[in-house]
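Visitor: This is the structure, below, for whatever I ask next.
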Amino acid sequence: MRITQRVKKILDNYESDNPGTKSNLARILMEGKLGGSGKLVILPVDQGFEHGPARSFAPNPPAYDPHYHFQLAIEAGLNAYAAPLGMLEAGANTFAGAIPTILKLNSSNSLATTKDQAVTGSVADALRLGCAAIGFTIYPGSEYAFDQMEELRELAEEAKAAGLVVVVWSYPRGPMLDKAGETALDICAYAAHMAALAGAHIIKVKPPTAVISLDAAKKTYEKAHLDTSTLAKRVEHVVQACFQGRRIVIFSGGEATSDDDALFDVIRNLRDGGANGSIIGRNTFQRPKEHALAMLAKIIEIYQGKA
Amino acid sequence: MRITQRVKKILDNYESDNPGTKSNLARILMEGKLGGSGKLVILPVDQGFEHGPARSFAPNPPAYDPHYHFQLAIEAGLNAYAAPLGMLEAGANTFAGAIPTILKLNSSNSLATTKDQAVTGSVADALRLGCAAIGFTIYPGSEYAFDQMEELRELAEEAKAAGLVVVVWSYPRGPMLDKAGETALDICAYAAHMAALAGAHIIKVKPPTAVISLDAAKKTYEKAHLDTSTLAKRVEHVVQACFQGRRIVIFSGGEATSDDDALFDVIRNLRDGGANGSIIGRNTFQRPKEHALAMLAKIIEIYQGKA
Amino acid sequence: MRITQRVKKILDNYESDNPGTKSNLARILMEGKLGGSGKLVILPVDQGFEHGPARSFAPNPPAYDPHYHFQLAIEAGLNAYAAPLGMLEAGANTFAGAIPTILKLNSSNSLATTKDQAVTGSVADALRLGCAAIGFTIYPGSEYAFDQMEELRELAEEAKAAGLVVVVWSYPRGPMLDKAGETALDICAYAAHMAALAGAHIIKVKPPTAVISLDAAKKTYEKAHLDTSTLAKRVEHVVQACFQGRRIVIFSGGEATSDDDALFDVIRNLRDGGANGSIIGRNTFQRPKEHALAMLAKIIEIYQGKA
Amino acid sequence: MRITQRVKKILDNYESDNPGTKSNLARILMEGKLGGSGKLVILPVDQGFEHGPARSFAPNPPAYDPHYHFQLAIEAGLNAYAAPLGMLEAGANTFAGAIPTILKLNSSNSLATTKDQAVTGSVADALRLGCAAIGFTIYPGSEYAFDQMEELRELAEEAKAAGLVVVVWSYPRGPMLDKAGETALDICAYAAHMAALAGAHIIKVKPPTAVISLDAAKKTYEKAHLDTSTLAKRVEHVVQACFQGRRIVIFSGGEATSDDDALFDVIRNLRDGGANGSIIGRNTFQRPKEHALAMLAKIIEIYQGKA
Amino acid sequence: MRITQRVKKILDNYESDNPGTKSNLARILMEGKLGGSGKLVILPVDQGFEHGPARSFAPNPPAYDPHYHFQLAIEAGLNAYAAPLGMLEAGANTFAGAIPTILKLNSSNSLATTKDQAVTGSVADALRLGCAAIGFTIYPGSEYAFDQMEELRELAEEAKAAGLVVVVWSYPRGPMLDKAGETALDICAYAAHMAALAGAHIIKVKPPTAVISLDAAKKTYEKAHLDTSTLAKRVEHVVQACFQGRRIVIFSGGEATSDDDALFDVIRNLRDGGANGSIIGRNTFQRPKEHALAMLAKIIEIYQGKA
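Here it is in structure tokens:
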């Protein structure tokens with residue numbers, strides 16, 4: 190597998206990691222249509238856990254089949270496919286080696302009584318399923334945030350020793366945050382930074398709004414004259430918060446939308462702000478496959494600077 | 190590495206520790222411009238976890254880059270650099286051997302709902318990253334204080350067996366304490382003493398005010414005719430509480446301030462009170478590098494008795 | 190080391206313990222001026238944890254130094270010295286072999302929000318520091334009593350397997366007990382008995398008052414026509430509760446007092462009631478050393494039946 | 190990574206293996222110029238261990254540098270590179286992800302006094318170095334064959350659970366075999382079969398001669414009228430012995446030779462006999478790089494049926 | 190600790206190692222008079238084990254005291270001091286941090302009945318004693334060589350994970366080798382290469398003679414027209430065998446000699462051949478201290494290119 194100079198430079202930022210982890214990171218970064226560019230698009234399918242099967246798959250019934258998502262990610266030329274244990278078990282053999290996979294190790298659900306997640310997979314599972322990475326969600330701000338970080342610590346230590354990549358979904362929520370706060374710029378940057386400090390290799394956050402949520406932070410943002418007028422500018426700030434770009438940061442596709450152009454505009458802003466890419470689930474697998482493929486092709490072109 | 194008589198005498202106080210721990214303590218005490226003097230200045234960069242990236246680094250944007258802090262500590266001739274896992278991982282290879290590092294094993298954050306911290310690193314991490322010490326925060330007075338002390342016990346036992354130094358941040362807070370109580374003299378001395386009893390090698394507390402917080406303690410302080418009129422005198426008392434000076438005690442740089450002279454005055458009081466040194470983060474890395482270097486040079490001169 | 194018949198007879202009571210535990214018990218019982226008599230006086234210095242350094246040591250500042258307490262115990266010819274981890278670490282090398290030590294494995298503090306204690310040491314620590322025993326506090330009546338007993342179980346099992354002695358501080362407190370109840374005779378005897386049942390080798394309780402606290406117990410005490418008129422008589426009852434004298438029971442020196450004669454009178458009652466001895470901290474190390482030595486000499490004479 | 194139908198069919202043969210092992214097997218089979226064809230050429234560099242550095246590398250001194258071999262394998266478009274621990278450690282970071290690697294876990298040497306090998310690496314090493322497979326040599330016929338098979342069992346079990354591929358070098362030698370016997374057809378087929386039975390995913394043997402070594406086997410071969418007249422025919426038989434082609438079998442390049450055409454002729458026979466490929470060391474890295482690249486290009490063309 | 194560019198370049202060769210191992214390697218390479226030059230001189234004192242105390246220390250009786258050797262290494266400005274467990278235990282506290290130490294984990298003795306060594310220390314010992322490295326001897330050619338390599342494998346894996354450096358003494362001996370063979374050029378280069386393949390960070394061999402021992406190797410050396418006429422040329426070849434200089438190789442001081450000038454001549458040849466340094470025991474500690482210090486000063490000057 191030829192490794193581009195751009196990717197080699199990214200790998201160099203992971204200077205304390207072993208060659209195993211770097212190899213798996215290289216596999217993700219060299220895969221698909223964006224392979225070698227330093228940009229990446231990942232398909233995550235943990236919606237079934239989070240929102241239930243019907244809310245996730247009824248809009249596009251073929252998506253009930255786990256094989257569908259492997260195929261979608263492969264046909265679209267994405268960099269990786271992320272899902273919980275059962276979802277990967279149901280296709281990992283058929284699609285062995287066909288696309289880097291990320292085993293999402295914890296998940297919440299709509300019936301949950303607490304702002305926590307259940308750990309439903311292990312590093313050993315990731316290895317036996319041939320995954321390149323583990324995925325883990327933390328909820329900074331939740332009453333369970335410390336517990337989650339401590340679970341992450343143990344799993345990440347084990348994963349790194351086994352040469353796997355650690356992807357952290359950092360989703361702020363909890364009593365300190367109202368709805369607007371969850372996607373506020375200061376909170377989003379903070380959540381990304383905490384994931385980086387906890388040792389994540391790849392960080393996933395939501396695209397930030399221009400809101401500044403914490404009173405204690407408002408003065409700072411004013412003083413710094415940080416331009417928060419465009420998403421691109423705000424993304425730049427999140428990239429800063431990820432060790433000045435030393436850690437890969439990718440952004441979710443946001444709420445389900447039927448407005449493709451609005452989505453493309455978001456992607457252009459992510460690109461212009463220096464994001465490493467997108468992780469985009471609902472807005473792809475809930476559309477008919479041809480539509481999804483066309484949309485992903487366009488997204489990739491945007492990251493390639495062609496659209 | 191030549192070990193001065195002054196440092197040897199300090200090492201002798203750690204009479205139950207193995208030569209591994211003493212070697213690492215010696216590495217810290219012999220490093221930098223204060224090396225050999227028995228005084229030390231440490232750069233801690235866990236503010237990103239505690240207050241978020243913007244509040245920590247926006248005042249001096251190069252500080253978003255983890256390499257910046259390694260370089261600042263090295264150029265300033267400090268004794269050690271302390272930070273959480275991701276921060277050290279992002280520079281430990283480039284700066285291998287260049288300055289003793291302290292892996293901060295737990296951290297809180299501004300979104301937290303409880304007066305606790307998450308453990309985000311391990312003793313094995315400290316060894317693989319080449320650290321000289323682990324760092325751990327306890328919150329005496331918090332509902333989680335006992336849990337934290339028990340986490341510390343386990344980690345400290347493992348660290349000591351592996352020849353590492355144990356640095357304890359002892360920050361009182363909780364329902365028994367109002368804001369003034371958190372930095373009250375009796376509370377500060379108590380917090381330092383508890384860290385010493387828990388087996389800390391290096392104790393970090395905040396500079397104490399003249400307030401006496403606990404009713405039960407007021408009589409004692411009155412009876413003892415303890416002079417609490419100056420910070421130097423109050424520091425003397427904290428040093429007493431650290432086993433009559435048998436344990437190294439260092440003080441935080443306090444709230445972010447723009448008044449350098451006020452800060453230097455604090456340092457002079459710390460020195461005159463017999464403190465072993467300072468651990469000073471925000472007030473250095475939030476200033477432009479040249480300013481920070483000048484300030485640290487002055488602080489070091491104060492500890493050297495030259496300013 | 191010659192073992193007296195009296196001590197041999199005491200050791201025989203610990204009939205299920207291994208020779209390692211008996212050897213360490215013999216070391217304690219044969220040490221100091223009371224060595225061989227079956228009586229013992231122990232110096233405990235965990236006040237710094239419980240009440241803070243100033244309340245503990247300001248009345249006699251040399252006591253801030255951990256070496257002071259080793260020296261006091263040795264010069265006074267006591268049987269053992271008990272303290273938390275850091276306190277022993279700071280002197281265990283200088284005084285290696287000089288006096289049996291007891292590592293106090295858990296401690297509370299005045300800032301605590303719950304009637305619990307933090308475990309701050311381990312059996313491994315006790316072994317590496319050359320201790321003869323571990324010490325552990327339980328609070329019968331506290332919401333945490335069961336947790337504490339279960340912690341004790343684990344630690345005691347490990348300690349006994351390693352040939353260490355287990356000393357249990359049994360201090361009733363909690364929602365079922367008012368202030369008078371905490372030192373009531375029925376409660377005190379009950380607390381001692383629970384420690385014995387939990388497998389303690391040496392039991393420490395407070396001198397009981399004549400109060401009977403539990404309604405359910407009052408009838409029994411009345412029916413039994415138990416003479417509770419003198420402390421000596423009440424101590425006799427506590428000794429009964431300690432397996433009819435098959436377990437060593439020692440009593441605390443009580444609240445800090447400036448009235449030496451009152452204290453001596455308590456000791457005479459303890460002796461006459463058949464107590465095995467005293468564990469006496471504040472009333473010794475808070476007095477000037479010469480005064481403390483004189484007082485301890487007198488206490489020892491009382492136990493020797495000479496005063 | 191697109192997986193060809195040919196490779197998928199091969200993966201199907203490994204029906205009891207987990208998707209991790211299949212992914213790594215796919216990585217090897219899809220890599221390089223033969224990627225996807227079901228054929229493979231591997232560069233092994235354990236000659237330094239087996240024959241010493243000068244005999245291995247003096248003919249082409251740049252080969253003393255471990256980076257040379259990574260580069261050779263990559264530039265030649267091979268499927269994988271196999272070497273002992275130190276050799277991989279010295280390049281695994283620079284070439285992370287660039288080519289599948291096989292950690293050769295045991296090695297012999299020319300100074301050895303027994304027909305055994307030393308285990309010099311572990312499955313954990315393979316994971317931290319990002320390897321796709323472990324390699325292990327057994328010597329059927331040696332006094333140590335059972336010990337080696339039992340070492341293999343343990344390592345293979347661990348490797349398979351972690352999703353790695355197991356490559357077995359099966360080299361008959363020992364008191365039952367004379368020099369001719371070591372490469373005899375019956376022995377070679379037998380050695381390959383034992384590796385298959387022991388659970389190997391990829392089997393490496395030497396090209397067999399027409400000799401039948403075991404008396405007990407001669408009758409069978411005669412009776413079966415097996416055509417052993419050409420290497421291709423004999424290779425066909427070895428393929429049969431590898432579960433009728435259900436296991437990948439590759440052949441060594443044989444003794445160092447300066448006759449390229451002779452070597453190409455061997456390769457053509459291997460191809461025509463249905464071998465999956467070659468593992469060819471000395472005959473490549475001992476030639477000047479340009480010569481080696483030309484030779485490997487030709488070998489690949491032969492396997493592609495173009496030469 | 191300032192790290193020179195020369196040392197940084199050496200550290201880069203250890204590309205798969207963690208920052209802990211690199212930090213300890215940096216400590217060794219930056220220590221003493223040669224600190225930063227990439228050259229190193231180590232004092233090894235395992236002669237007492239190998240030859241008995243009188244043969245080792247009677248020529249210079251102060252050397253019976255373990256402290257003597259720490260002091261000699263420190264006063265001479267060497268890079269490290271290597272010794273077996275007891276030797277380090279007897280001085281590690283007094284000299285904590287004063288010089289990097291190497292715990293020699295296995296040793297033979299003159300009463301031994303086999304060409305093997307006993308493992309007398311552990312990685313945990315190395316950590317508690319504050320060592321920068323472990324040392325281990327293999328005897329390529331011995332009947333126990335495979336066992337030794339497997340012991341090394343386990344210890345090296347553990348040491349590397351804990352951030353320690355692995356130093357391998359590779360001393361050929363055994364039935365395949367006569368006396369001349371043990372120091373033959375081909376054998377010495379082979380021994381060094383095997384240590385490198387087994388994962389050694391620093392390799393120690395004896396200065397090679399011009400003898401070529403293995404018949405199978407003679408042709409190679411003739412064909413390669415390798416100039417073996419001077420020790421410098423032969424050392425060049427050994428450096429090649431250590432991954433073309435990617436691994437540090439140091440040479441023993443050879444047999445005890447009273448001819449200082451002959452020894453200096455050897456050192457000049459080592460330097461000119463590109464050796465990284467010397468490990469020199471008997472020829473230093475068996476001389477009076479002043480003589481030894483003068484001799485070591487001269488050796489260091491030679492490595493500095495000044496003599």
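As given, the protein sequences belong to chains A, B, C, D and E, one line each in that order. The first sequence begins at 190 in our numbering and counts up one residue at a time. The second sequence begins at 190 in our numbering and counts up one residue at a time. The third sequence begins at 190 in our numbering and counts up one residue at a time. The fourth sequence begins at 190 in our numbering and counts up one residue at a time. The fifth sequence begins at 190 in our numbering and counts up one residue at a time. All C-beta atoms in this analysis are idealised placements derived from N, C-alpha and C, irrespective of residue type, glycine included.
1. Could you tell me which of His240(D), Ala285(D), Tyr379(D) and Arg244(D) sits nearest to Asp206(A), measuring between CA atoms?
2. Can you check whether the C-beta of Asn207(A) is within less than 8 Å of a C-beta belonging to chain E?
3. Do we get a CB-CB distance below 8 Å when we pair Pro242(B) with the residues of chain A?
4. Is the beta carbon of Thr210(C) less than 8 Å from the beta carbon of Val354(C)?
5. Between Lys407(C) and Ala378(C), what straight-line distance do the alpha-carbon atoms span, to the nearest angstrom?
6. Please list the terminal residues of the continuous alpha helix (DSSP H) segment that includes Tyr492(C).
7. Are the CB atoms of Arg457(B) and Gln236(B) within a distance shorter than 8 Å?
8. Using the Cα positions of Gln306(A) and Gly388(A), report the straight-line distance between them to the nearest angstrom.
9. Note down, in chain order, every chain D residue with its Cβ under 9 Å from the Cβ of Lys211(A).
10. Going by Cα to Cα distance, which pick from Pro397(D), Ala287(D) and Ala496(D) is closest to Ala215(A)?
11. Listing by chain order, which chain F residues have their CB less than 8 Å from the CB of Met219(D)?
12. Under 9 Å Cβ-Cβ, which residues of chain B neighbour Ala351(E)?
13. Shorter than 8 Å from the beta carbon of Ile391(B) to some beta carbon of chain E?
14. Spell out whether any CB of chain B is found under 8 Å from the CB atom of Ala215(E).
15. Give me the residue from Phe259(C), Ala265(C), Arg362(C) and Glu264(C) with the minimum Cα distance to Asp278(C).
16. In chain order, which continuous runs of the alpha helix (DSSP H) of length 4 or greater are located wholly inside the segment 243–326 of chain D?
17. If we define contact as Cβ-Cβ less than 8 Å, is Leu261(D) a contact residue for chain A?
18. With DSSP as the reference, please indicate the residues paired to Gly510(B) in a beta bridge.
19. Would you mind telling me which residues of chain B sit closer than 8 Å to Gly370(C), beta carbon to beta carbon, in chain order?
20. Tell me whether Arg436(D) is buried or exposed, calling it buried when 16 or more other Cβ atoms sit within 10 Å of its Cβ.
21. Could you tell me whether the Cβ of Gly442(B) comes closer than 8 Å to any Cβ of chain A?
22. Measure from the C-beta of Phe498(C) to each C-beta in chain B and report whether the shortest distance is under 8 Å.
23. Is the CB of Ile192(A) under 8 Å away from at least one CB in chain D?
24. Starting from the beta carbon of Pro547(D), find every residue of chain E whose beta carbon is closer than 7 Å, and list them in chain order.
25. What residues from chain B crowd round Leu200(E), counting only those whose CB sits closer than 7 Å?
26. Could you give the uninterrupted runs of the alpha helix (DSSP H) lying entirely in the segment 338–390 of chain B, keeping only those of 4 residues or more?
27. Quick one: what's got a C-beta closer than 6 Å to Ala430(D)'s C-beta in the same chain, skipping five residues either side?
28. For Ile217(E), which of Ile263(E), Ala384(E), Pro250(E) and Asp314(E) has the nearest alpha-carbon?
29. Who pairs with Val394(D) in a beta bridge, going by DSSP?
30. Figure out for me which residue from Glu347(D), Met484(D) and Arg476(D) has the closest Cα to the Cα of Tyr253(D).
31. Is the separation between the beta-carbon of Val356(C) and that of Ile391(C) shorter than 8 Å?
32. Leaving out five residues on either side along the sequence, give the residues of the same chain with a beta carbon under 7 Å from the beta carbon of Asn249(B).
33. So, does the CB of Leu300(C) fall closer than 8 Å to a CB anywhere in chain B?
Guide: Inspection of the coordinates gives the following:
1. The candidate whose alpha carbon is nearest that of Asp206(A) is Ala285(D).
2. It does: the Cβ of Asn207(A) has a partner Cβ on chain E nearer than 8 Å.
3. So, interface residue.
4. In this structure, Val354(C) lies closer than 8 Å to Thr210(C) by Cβ.
5. Going by the C-alpha atoms only, they are around 13 Å apart.
6. Its alpha helix (DSSP H) spans residues Lys478 to Tyr492.
7. By the CB criterion at 8 Å, Gln236(B) and Arg457(B) fall outside the cutoff.
8. The alpha-carbon separation between Gln306(A) and Gly388(A) amounts to approximately 19 Å.
9. Per Cβ cutoff of 9 Å: Ala281, Asn282, Ala285, Gly286 and Gly319.
10. Here the closest residue by C-alpha is Ala287(D).
11. Included in the structure are the protein chains A, B, C, D and E, with no chain F among them.
12. Going along chain B in sequence order, the residues near Ala351(E) (Cβ under 9 Å) are Ala313, Leu316, Arg317 and Ala351.
13. With its beta carbon at least 8 Å from every one in chain E, Ile391(B) lies outside the interface.
14. At a cut-off of 8 Å between beta-carbon atoms, Ala215(E) makes contact with chain B.
15. With the sequence shown as reference, residue 278(C) is identified as Glu, and Asp is not the correct amino acid for it. With distances taken between Cα atoms, Glu278(C) lies closest to Phe259(C).
16. As summarised for the segment 243–326 of chain D, the continuous alpha helix (DSSP H) elements at least 4 residues long and confined to that stretch are 255–265, 274–278 and 312–317, given in chain order.
17. Cβ-Cβ to chain A under 8 Å: no for Leu261(D).
18. Absent from the structure is residue 510(B), since the part of chain B shown begins at 190 and ends at 496.
19. Chain order gives no chain B residues near Gly370(C), where near means a beta carbon separation below 8 Å; the closest approach is about 21 Å.
20. Under this definition Arg436(D) is a buried residue.
21. Put simply, the CB of Gly442(B) is far from chain A, with every gap to its CB atoms at 8 Å or more.
22. Residue 498(C) lies beyond the residue range present for chain C, which begins at 190 and ends at 496; the question has no answer from this structure.
23. Using beta-carbon distances, Ile192(A) counts as an interface residue toward chain D, with a partner under 8 Å.
24. Absent from the structure is residue 547(D), since the part of chain D shown begins at 190 and ends at 496.
25. Ordered by position in chain B, the residues that pass the 7 Å Cβ test against Leu200(E) are Ala285.
26. If we require 4 residues or more, the alpha helix (DSSP H) runs fully inside the segment 338–390 of chain B come out as 368–371 and 374–386.
27. A distance below 6 Å between beta-carbons, with the five flanking residues on each side excluded, links Ala430(D) to the following residues of its chain, in chain order: Ala378, Ala381 and His382.
28. If we check each option's Cα against that of Ile217(E), Ile263(E) comes out closest.
29. In the DSSP assignment, Val394(D) forms a beta bridge with Phe440(D).
30. Of the residues Glu347(D), Met484(D) and Arg476(D), the one whose Cα lies closest to the Cα of Tyr253(D) is Arg476(D).
31. A contact, by the Cβ cut-off of 8 Å.
32. Closer than 7 Å at Cβ, skipping near neighbours: Phe474, Gln475, Arg476 and Pro477.
33. Closer than 8 Å to some Cβ of chain B, the Cβ of Leu300(C) qualifies, so yes.
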